[in-house]
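So the sequence shown is numbered by UniProt numbering: it starts at 1 and just counts up by one.
C-beta atoms are modelled at their ideal positions from N, C-alpha and C, and glycine is treated no differently.
Step one of this worksheet: look at the structure below.
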Amino acid sequence: MRKFILAFLVVVLIVMLGVTYVLKQFQQTADLSYSKLQSVQSTVVYDKNDRKIDELYKTVPRQNVSSNEIPEYVKMAFVATEDRRFYKHFGIDLQGIGRALFKNIVTMSKAEGASTITQQLARNLYLSSDKTIKRKVDEMFLSLGLERQFTKDQILELYLNQIYFGSGVYGIGAASQIYFNKPVSDLTVGEAALLAGLPKAPSTYSPSNSTEKATARRNVVLKLMHDQNVISDTQYQQALNERVVEPSIPVKKPNSNQAFIDYVIKEAAQQYGVSADDLYKGGYAIYTDLDPNLQESINNSVANHTFRDDAINSKVEVGISAVNPKTGGISAMYGGRSYERNGLNRATSGYQLGSAIKPLAVYGPALETGDYTPTSLLSDERQDFGGGYSPKNAEGEYQKHVTMREALTRSLNVPAVWLLKQIGIDTSAKFMEKAGLPLEDDDKSKLGLALGGTTTTFSPLQLAQGYTTFANKGVMTKPYAIRKIEMRDGEVKKPDIQTERVMSEENADTMTSMLQDVIEKSYGTGVNARSSRDAAGKTGTTNDVKDAWFVGYTDDAVVSIHAGFDNANSTQTTKYLSGGGGQDPATLFSSIMNNW
Numbered sequence: 001m002r003k004f005i006l007a008f009l010v011v012v013l014i015v016m017l018g019v020t021y022v023l024k025q026f027q028q029t030a031d032l033s034y035s036k037l038q039s040v041q042s043t044v045v046y047d048k049n050d051r052k053i054d055e056l057y058k059t060v061p062r063q064n065v066s067s068n069e070i071p072e073y074v075k076m077a078f079v080a081t082e083d084r085r086f087y088k089h090f091g092i093d094l095q096g097i098g099r100a101l102f103k104n105i106v107t108m109s110k111a112e113g114a115s116t117i118t119q120q121l122a123r124n125l126y127l128s129s130d131k132t133i134k135r136k137v138d139e140m141f142l143s144l145g146l147e148r149q150f151t152k153d154q155i156l157e158l159y160l161n162q163i164y165f166g167s168g169v170y171g172i173g174a175a176s177q178i179y180f181n182k183p184v185s186d187l188t189v190g191e192a193a194l195l196a197g198l199p200k201a202p203s204t205y206s207p208s209n210s211t212e213k214a215t216a217r218r219n220v221v222l223k224l225m226h227d228q229n230v231i232s233d234t235q236y237q238q239a240l241n242e243r244v245v246e247p248s249i250p251v252k253k254p255n256s257n258q259a260f261i262d263y264v265i266k267e268a269a270q271q272y273g274v275s276a277d278d279l280y281k282g283g284y285a286i287y288t289d290l291d292p293n294l295q296e297s298i299n300n301s302v303a304n305h306t307f308r309d310d311a312i313n314s315k316v317e318v319g320i321s322a323v324n325p326k327t328g329g330i331s332a333m334y335g336g337r338s339y340e341r342n343g344l345n346r347a348t349s350g351y352q353l354g355s356a357i358k359p360l361a362v363y364g365p366a367l368e369t370g371d372y373t374p375t376s377l378l379s380d381e382r383q384d385f386g387g388g389y390s391p392k393n394a395e396g397e398y399q400k401h402v403t404m405r406e407a408l409t410r411s412l413n414v415p416a417v418w419l420l421k422q423i424g425i426d427t428s429a430k431f432m433e434k435a436g437l438p439l440e441d442d443d444k445s446k447l448g449l450a451l452g453g454t455t456t457t458f459s460p461l462q463l464a465q466g467y468t469t470f471a472n473k474g475v476m477t478k479p480y481a482i483r484k485i486e487m488r489d490g491e492v493k494k495p496d497i498q499t500e501r502v503m504s505e506e507n508a509d510t511m512t513s514m515l516q517d518v519i520e521k522s523y524g525t526g527v528n529a530r531s532s533r534d535a536a537g538k539t540g541t542t543n544d545v546k547d548a549w550f551v552g553y554t555d556d557a558v559v560s561i562h563a564g565f566d567n568a569n570s571t572q573t574t575k576y577l578s579g580g581g582g583q584d585p586a587t588l589f590s591s592i593m594n595n596w
């Protein structure tokens, strides 16, 4: 009896779980109205003022069309090709599944699928493209929900506005324009058949890739339409004689914020599970903290700057990241003077930091020990720190002792290495990790860390993150690009803002005071960064001037700038710069601040 009761309870539990699962899938479809789905447009990206800065599409934006704008033979071309029993099944075609299964067994391969138009719509609206059993089950139940909620005509309209037609085009409205330069209502039978043949393999059958394959596939569709009495003998013959012409596919021009847009797309995938393909399908709204004025100032400052090291075959490249230190929102991003869509983003690429690392690796942690202040005297005598390591000051001048403030302002090397040895590399590494710049193990035993001579490389974005520690009263704020994203179903997701107390507010203010001297003192290495705004900052230059840095900040923005050649290496000194961080990067910072 006990076994019977236990078995009964297990069955009840399974049934309850099954019912809960089915209701959940039905609820997903119930949450979306026809009018909302009908109005789905390209994904839009907004700036901090909620103003549109870009629409995400590859060639042309989506152009949703209503059912009454689509000729009947166009609709039936898709029905005949993709789902001949569309008007007879309830979302799942059991007969079609059986037929496909039989053919697959006979051919010993997956020769035929059995997804209905409703299932394809469910997949496009709700699911990823993962080929798993769970996704297939989800797809089936969601299809049942769609059939319960919408009419066949509504489902077909939504489907035609959602599917991918190749060449970066989603929806039949955009496809008609891109391939035939006409609205859907003017499509010929042959053109309708060509479009209906694309969903199976858009790249393979696109006329932009092969007019021969596109023609062959179109003819297959025409035969299906003829065999199913969708078109007459005359229409069939006329359509077969239509010539398929290779279309001229426009390429969307890069946005002036393109590096930032590409970063947003990557973050959507990494943080919210929304792939680039999903975004290009449309229906999402992405809100960012991009400051359009700051971004424009950066763009113009770089464009108008004269880089004296530019050569005929190579030019100095620049990567810039700007972060709001209070929120962590990325305010601006510049991927390079020759940045291309989805190309090398120099704002997020890693480089050695040079002396820009000193506040994070040496002076910040030294202040936190409580043993050192800006007036503390540091050794500035040429000396061997062990193992033959004897760094030089850039100007070749030395004093017996120098204050911490002056050592930082002049960016002297010997005092920085000496101080790192006093506080210990472990103390430095822990401070840097808390500030968001973790070191590789190889760098945790070398005093060269004080000068940025590390195996670990850091991007302008990472350096900006580290300096939020000083700009935000001792609290590091991790950068993010997306402040909220509205999903297709209306759900709103926001980032989990990550902060960490790295140093005391008092010590952070002290650091800011010293870094202000870097800019304001006549002997400061960052004197070229002076602007109409009160700012603090630090220069950075690596060996032989392979990399040049300036990272500066105000209360509202940390701006991190790297300059250098893409193809610089240790055997080609001609690909190095003639001036360090106090030259191009500092001058750019000044221009950015003045024009912001």
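Query, Result
"Between the CA atoms of V245 and K88 - distance to the nearest angstrom", "36 Å"
"Nearest-angstrom beta carbon gap, K281 and Y389 [assumed within contact, 8 Å]", "Not a contact, Cβ separation roughly 57 Å."
"Under 8 Å between C-beta atoms of E393 and D262", "Just to set this straight, residue 393 is Asn in the shown sequence, not Glu. No, they are not a contact pair."
"Endpoints, beta strand (DSSP E) assigned at L56", "K52 to L56"
"Residue environment, T373, which counts as buried when at least 16 other CB atoms sit within 10 Å", "exposed"
"Pair within 8 Å by beta-carbon distance, D289 and I330", "yes"
"Exposure of L121, with buried meaning 16 or more beta-carbon neighbours within 10 Å", "buried"
"C-beta contact flag for Y363 and M511 at 8 Å", "yes"
"Test item: CB-CB of I482 and I298 under 8 Å", "no"
"Opening and closing residue of the alpha helix (DSSP H) in which A269 lies", "Q258 to Y272"
"7 Å CB neighbourhood of T81 in its chain, flanking five on each side removed", "A196, G197, V221 and L224"
"Backbone CA spacing between N181 and S349 [nearest angstrom]", "41 Å"
"A311 in three-state terms, based on DSSP", "coil"
"Collapsed DSSP secondary structure at F141 in the structure displayed", "helix"
"Cβ contact check for the stretch 140 to 154 and the stretch 206 to 216: 3 or more pairs under 8 Å", "no"
"Under the three-state DSSP convention, the category R501 falls into", "strand"
"Environment of H226 [buried if 16+ CB atoms lie within 10 Å]", "buried"
"First and last residue of the uninterrupted beta strand (DSSP E) at H562", "V558 to G564"
"Span of the alpha helix (DSSP H) around T587", "D584 to N595"
"Classification of N543 by the beta-carbon crowding that lies within 10 angstroms, buried from 16 upward", "exposed"
"As assigned by DSSP and simplified to three states, the class of R243", "coil"
"7 Å CB neighbourhood of Y73 in its chain, flanking five on each side removed", "V189, A192, V230 and I231"
"Close Cβ partners of K493 (< 6 Å) along its chain, the five nearest in sequence each way excluded", "Y272 and I485"
"Environment of E433 [buried if 16+ CB atoms lie within 10 Å]", "exposed"
"DSSP three-state assignment for L378, whether helix, strand or coil", "strand"
"Endpoints, beta strand (DSSP E) assigned at M333", "I330 to Y334"
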